[in-house]
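For the sequence shown, the UniProt record's numbering gives the first residue as 1, with consecutive numbering after it.
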Amino acid sequence: MWTGAAEDGEQRAGDGPAAGAPIGRATETSRLRDLLRESRLVTVAGCVGVGKSFLADFVTGTTPGGWDRVLRVRRHGARPGPPGALTTAVLHAATGSGPRPGSAEFSVLDTVVRALRAGRPLLFLDDVDPVHRECVGLVQALLHTVPDLRVLVTSRRPLGLGDERVLRLAPLSTVPVDGHEGPAPAVRLFLDRARAAREDFTAADGDLDAVTAICRSVEGLPLAVELAAAQMDCSDPQDLAGLLLHQQCWLASRRIALPRHRSLRRAVASAYVLCDRQERVVWARTSVFAGSFNVSAAAFVCAGGSVAAHEVPACLAELAAAGLLEPVGDPGGPCEPRYRMTRAARHFGTERLEQAEEFAVAKDRHAMHGRRVAATAEFLWNSGRQPQAVQLVRDERDNLVAMFEYVPHQIDQAGPLLEAVVNLWFWWTVYGGAEEGRRYLELLLPLCHEDHPAAVRGRWLEAWLTAGRDRRAACDLLHRAWVAAVMTGDDATVGRIAHVQGVLAMHQGDPTAAAEHFQEAARTIPVQAPGGPSTAVSLAALAVARSGAAPRAARHTARRALTQPGVRIDTWACIVARYALALADHREGRNGRALRRARRTLASLGHRPAPHGTTAALEQLIADIEAGRPARARLSPASPTGAIVPLPRLISRLPCP
């Protein structure tokens with residue numbers, strides 16, 4: 001149902017800021033006032049619950065403008081009403097009465113035009129999404145026939161008319177704004193509404209951290225922040241922060257004025273009822289994505305039943321236009337579009353998916369997508385497109401984490417998931433994800449049979465990831481992996497076990513033993529063998545191990561590494577080898593050459609993601625040379641932790657196979 005009412009604009013305006021001004025919206029308030037003075041048609045657009053109606057109400061009630069009255073037309077309930085309901089509501093706001101029985105549509109519109117020509121009105125159309133098409137035609141006709149009319153619209157999407165000026169509202173920031181003292185805007189809103197719910201509410205330091213976590217969990221959405229703050233009369237911030245991580249749609253409060261906003265589930269459902277069947281299905285099925293996703297991934301997960309794969313891109317575009325999906329990256333760029341679903345919409349979609357008994361199927365498809373991502377990333381890494389491999393994992397990281405965390409619910413998929421973890425070996429070892437990767441391996445390896453093809457590589461990888469924290473456990477894992485690799489004739493894994501032994505020796509300060517292990521790895525690993533560090537990496541690590549005692553041999557080994565087949569596309573091997581050359585130059589007293597090598601190596605990285613610890617090691621080498629002090633090898637070759645390695649002290653060889 002739609003209702004309209006007229007108010008004296010001059011009487012309400014000019015009294016200064018009223019109580020209840022939008023918190024954290026000073027810039028948007030000023031911008032909307034300017035737009036209303038400059039343009040005849042202004043639309044405040046944004047996702048559900050972002051505060052469009054509240055901001056527009058405040059501005060129209062406190063801003064002196066070029067109008068003498070405000071005609072407010074707003075929706076009540078979830079349905080749009082019969083055809084022509086918006087025009088009828090505008091007529092009621094302008095004249096105080098409805099159309100005569102039996103009046104034709106053009107006659108009602110003509111009556112509205114005559115009523116609006118009297119004076120200089122501002123027509124405020126609030127929440128027009130249910131009648132978006134009717135609103136476009138009505139506003140276009142009124143602006144054409146009523147020269148002094150100004151129109152303000154709140155909607156999830158713009159009307160798309162030529163003279164329209166759009167103010168897009170984003171959720172409130174959950175971090176402090178530069179140049180403003182005090183907490184973040186979302187936190188300030190929470191504290192204000194919490195005090196309204198409970199007069200004695202105070203936020204100590206611990207509570208303030210929990211409040212910040214709450215605001216981040218609800219992504220700064222003003223409606224969700226207010227509904228969460230209303231829970232302070234029966235809950236505490238720490239408990240609430242934990243609950244909201246898993247589900248948000250239960251948030252509700254009777255203190256909210258608009259009935260459709262008294263529950264977050266009801267607010268999101270108001271957008272759901274306006275979607276067609278295909279859009280609803282795509283919404284529900286894409287809710288299994290924990291982070292951003294591209295169109296191809298969505299088509300793979302969503303296709304089936306009433307939704308064809310070719311229909312998914314259009315559905316995603318419609319959901320994005322309604323504010324339920326957020327474009328990620330460069331939406332108009334050459335790459336495939338990526339989207340991220342808001343958390344409230346994702347929780348609502350998950351509820352619909354469970355009600356339709358499709359949750360398990362959607363999660364299985366999501367896991368298949370994750371395994372495909374891991375395999376693709378490993379292929380990109382081994383084919384020389386290492387920056388693309390790293391970027392792919394970064395883009396899909398949230399979805400990969402969700403896939404691995406779902407392991408207890410799909411034990412029968414432990415083998416394929418273990419293979420996915422092993423395929424991401426470079427992410428765990430080269431880019432600083434050691435602890436995360438080790439946790440997944442500890443979870444999956446006990447669920448797989450000893451003879452599973454991925455189990456041998458999994459133990460080797462777990463030993464590598466454990467090397468920096470537990471030498472004994474790493475050696476035990478290497479022994480088990482070595483036996484299985486020898487029995488199956490897996491030369492690549494045997495060589496990589498030797499590589500990890502070299503890492504362990506470097507951690508213990510024994511570069512002589514480390515050099516022997518790295519040399520064995522370089523001899524054993526087949527050229528360009530996938531699934532682990534290449535021969536060039538082992539040679540580069542050998543050069544670093546030799547740089548302390550034999551800098552000339554280290555230089556020769558580093559040059560061998562740089563002449564290996566395919567080394568030019570192996571960023572990791574090149575950086576470690578060039579670091580070894582610079583370190584060898586420094587050992588021989590050629591500090592000028594060492595500085596030039598180290599600086600060129602840093603410059604060659606550009607904006608590409610650098611292997612973990614390499615940048616810091618090169619920068620430290622430069623700093624040591626410039627300060628005139630002896631430099632130590634501060635990069636443990638291929639170490640997942642990038643730990644400092646003390647070279648001078650030698651210890652006995654590790655008791656590994």
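Ideal placement from N, C-alpha and C gives every residue a C-beta, glycine not left out.
Where E226 sits in the DSSP three-state scheme: Locating residue 226 in the sequence shown gives position 226, counting from the first residue. It is helical.
Give the secondary structure of S636 by DSSP, where H, G and I count as helix, E and B as strand, and everything else as coil. Sequence index remark: in the sequence shown, residue 636 carries index 636 (1-based). Confidence is the limiting factor: at S636 the pLDDT is only 45, short of 50, which leaves the residue's position unreliable and the question unanswerable from this model.
Drop a sphere of 10 angstroms on the beta-carbon of M506, count the other beta-carbons inside from all chains shown, and report buried for 16 or more, exposed for fewer. Taking the first residue of the sequence shown as position 1, residue 506 is located at position 506. Buried, because 16 or more other Cβ atoms sit within 10 Å of the Cβ of M506.
Below 9 angstroms between beta carbons: does that hold for A362 and R280? Working through the sequence shown from its first residue, we reach residue 362 at position 362. Working through the sequence shown from its first residue, we reach residue 280 at position 280. Not closer than 9 angstroms, so no.
Residue nearest to L274 in terms of C-alpha spacing, selected from L324, L244, L562: Locating residue 274 in the sequence shown gives position 274, counting from the first residue. Out of L324, L244, L562, L324 has the C-alpha closest to the C-alpha of L274.
Where A492 and L618 are concerned, what is the direct C-alpha to C-alpha distance, given to the nearest angstrom? Locating residue 492 in the sequence shown gives position 492, counting from the first residue. Locating residue 618 in the sequence shown gives position 618, counting from the first residue. Roughly 30 angstroms between the two C-alpha positions.
Taking only three categories from DSSP, how would you classify C448? Residue numbering aside, residue 448 sits at position 448 when the sequence shown is read from its first letter. In this structure, C448 counts as coil in the three-state DSSP scheme.
If distances are taken between C-alpha atoms only, which option among D476, L400, P453 comes closest to Y440? Here residue 440 corresponds to residue number 440 of the sequence shown, with the count starting at 1. Closest by alpha carbon: L400.
Would you report the Cα separation of E405 and I23, rounded to the nearest angstrom? Within the sequence shown, residue 405 is the residue found at index 405, counting from 1. Within the sequence shown, residue 23 is the residue found at index 23, counting from 1. CA-to-CA, the gap between E405 and I23 works out to about 38 angstroms.
Could you give the first and the last residue of the continuous beta strand (DSSP E) run that contains M341? By one-based count along the sequence shown, residue 341 stands at place 341. 338-341 is the extent of the beta strand (DSSP E) around M341.
What residues are listed by DSSP as bridge partners for T43? If you number the sequence shown from 1, residue 43 lands on position 43. Answer is V153, V166.
Could you tell me the distance, in whole angstroms, from the CA atom of R600 to the CA atom of L581? Translated into positions along the sequence shown, residue 600 becomes position 600. Translated into positions along the sequence shown, residue 581 becomes position 581. Approximately 12 angstroms between the Cα atoms of the pair.
Nearest-angstrom Cβ-Cβ length linking V301 and L316, presumed shorter than 8 angstroms: In the sequence shown, counting from the first residue as 1, residue 301 sits at position 301. In the sequence shown, counting from the first residue as 1, residue 316 sits at position 316. That belief does not hold up - the Cβ atoms of V301 and L316 are roughly 12 angstroms apart, past 8 angstroms.
Below 8 angstroms, can you find three or more Cβ-Cβ pairs linking the region 25-39 to the region 249-261? no
Opening and closing residue of the beta strand (DSSP E) in which R72 lies: For the purposes of this step, residue 72 is identified with residue 72 of the sequence shown, where counting begins at 1. R72 -> beta strand (DSSP E) spans 69-75.
If distances are taken between C-alpha atoms only, which option among E358, G61, P121 comes closest to R150? As a first step, residue 150 is located in the sequence shown; it is residue number 150 there, counting from the start. Taking only the C-alpha atoms, the option nearest R150 is P121.
Is DSSP giving S538 helix, strand or coil here? Counting from 1 along the sequence shown, the entry for residue 538 is found at position 538. In the structure shown, S538 sits in a helix (DSSP, three-state: H, G or I).
Is the region 534-541 touching the region 566-585 in the sense that three or more CB pairs, one from each, lie closer than 8 angstroms? yes
Residues in the same chain with beta-carbon distance under 6 angstroms from C249, minus the five sequence neighbours each way, listed in chain order, please. Your numbering for residue 249 matches position 249 in the sequence shown. Excluding sequence neighbours, C249 sits near L264, R265, H347, F348.
Tell me where the beta strand (DSSP E) around E279 begins and ends. Taking the first residue of the sequence shown as position 1, residue 279 is located at position 279. Unbroken run through E279 is the alpha helix (DSSP H), 277-286; no beta strand (DSSP E).
Residues in its own chain within less than 7 angstroms of L595 by CB, not counting five upstream and five downstream? Taking the first residue of the sequence shown as 1, we reach residue 595 at position 595. Cβ neighbours of L595 beyond the five flanking positions: I622, I625.
Counting along the chain, where does the alpha helix (DSSP H) carrying E619 start and finish? On the sequence shown, position 619 is the one that residue 619 refers to. Its alpha helix (DSSP H) spans residues 614-627.
Could you check how far apart the C-beta atoms of R587 and P565 are, in whole angstroms? I think they sit under 8 angstroms. Numbered from 1 along the sequence shown, position 587 holds the residue referred to as residue 587. Numbered from 1 along the sequence shown, position 565 holds the residue referred to as residue 565. So it is not a contact: roughly 29 angstroms between Cβ atoms.
So which of S547, R472, I497, Y272 has the shortest CA-CA distance to G483? For this step, residue 483 is matched to residue 483 along the sequence shown. The sequence shown places Val at residue 483, not Gly. Nearest option by C-alpha distance: I497.
Starting from P237, trace the beta strand (DSSP E) both ways and give me its first and last residue. For this step, residue 237 is matched to residue 237 along the sequence shown. Run containing P237: none in the beta strand (DSSP E); it sits in the alpha helix (DSSP H), 237-244.
Check whether the region 87-94 and the region 122-140 touch, using three or more Cβ-Cβ pairs below 8 angstroms as the test. yes
Count the other C-beta atoms from every protein chain shown that fall within 10 angstroms of the C-beta of A598, then say buried if there are 16 or more, exposed otherwise. As a working mapping, residue 598 is identified with position 598 in the sequence shown. Answer is buried; the Cβ neighbour count reaches 16.
For the candidate residues T145, R385, S287, whose alpha-carbon lies nearest to that of E354? As a working mapping, residue 354 is identified with position 354 in the sequence shown. Relative to the Cα of E354, the nearest Cα in the group T145, R385, S287 belongs to S287.
Let me check one thing: in DSSP terms, what residues is V307 bridge-paired to? Start at 1 with the first residue of the sequence shown, and residue 307 comes out as number 307. Residue pairing for V307: DSSP places it in a beta bridge opposite G304.
Return the CA-CA distance between G137 and R277, expressed in angstroms with no decimal places. Residue 137 sits at position 137 when you count from the first residue of the sequence shown. Residue 277 sits at position 277 when you count from the first residue of the sequence shown. Going from the Cα of G137 to the Cα of R277 covers about 25 angstroms.
Do you know how far the Cα of M487 is from the Cα of E516? As a first step, residue 516 must be located in the sequence shown, where it is residue number 516. As a first step, residue 487 must be located in the sequence shown, where it is residue number 487. Approximately 23 angstroms, taken between the alpha carbons.
Distance, D209 Cα to A186 Cα: Locating residue 186 in the sequence shown gives position 186, where the first residue counts as 1. Locating residue 209 in the sequence shown gives position 209, where the first residue counts as 1. One C-alpha to the other measures close to 13 angstroms.
May I ask you to report which of helix, strand or coil DSSP gives S292? The residue labelled residue 292 in the question sits at position 292 within the sequence shown. DSSP places S292 in coil when its eight states are reduced to three.
Between R46 and the rest of its own chain, which residues show a CB-CB distance below 8 angstroms, the 5 nearest in sequence each way excluded? The residue given as residue 46 occupies position 46 in the sequence shown. Per the sequence presented here, residue 46 reads as Gly, with Arg not at that position. Within the same chain, G46 has close Cβ partners K52, R156, R168, L169, A170, G323.
Would you kindly report the start and end of the unbroken beta strand (DSSP E) that includes V328? As a working note, residue 328 is residue 328 in the sequence shown. From DSSP, the beta strand (DSSP E) with V328 extends over 325-328.
Which two residues bound the contiguous alpha helix (DSSP H) that contains S126? As a first step, residue 126 must be located in the sequence shown, where it is residue number 126. Residue 126 is actually Asp in this sequence, not Ser. No alpha helix (DSSP H) holds D126; the beta strand (DSSP E) holding it covers 121-126.
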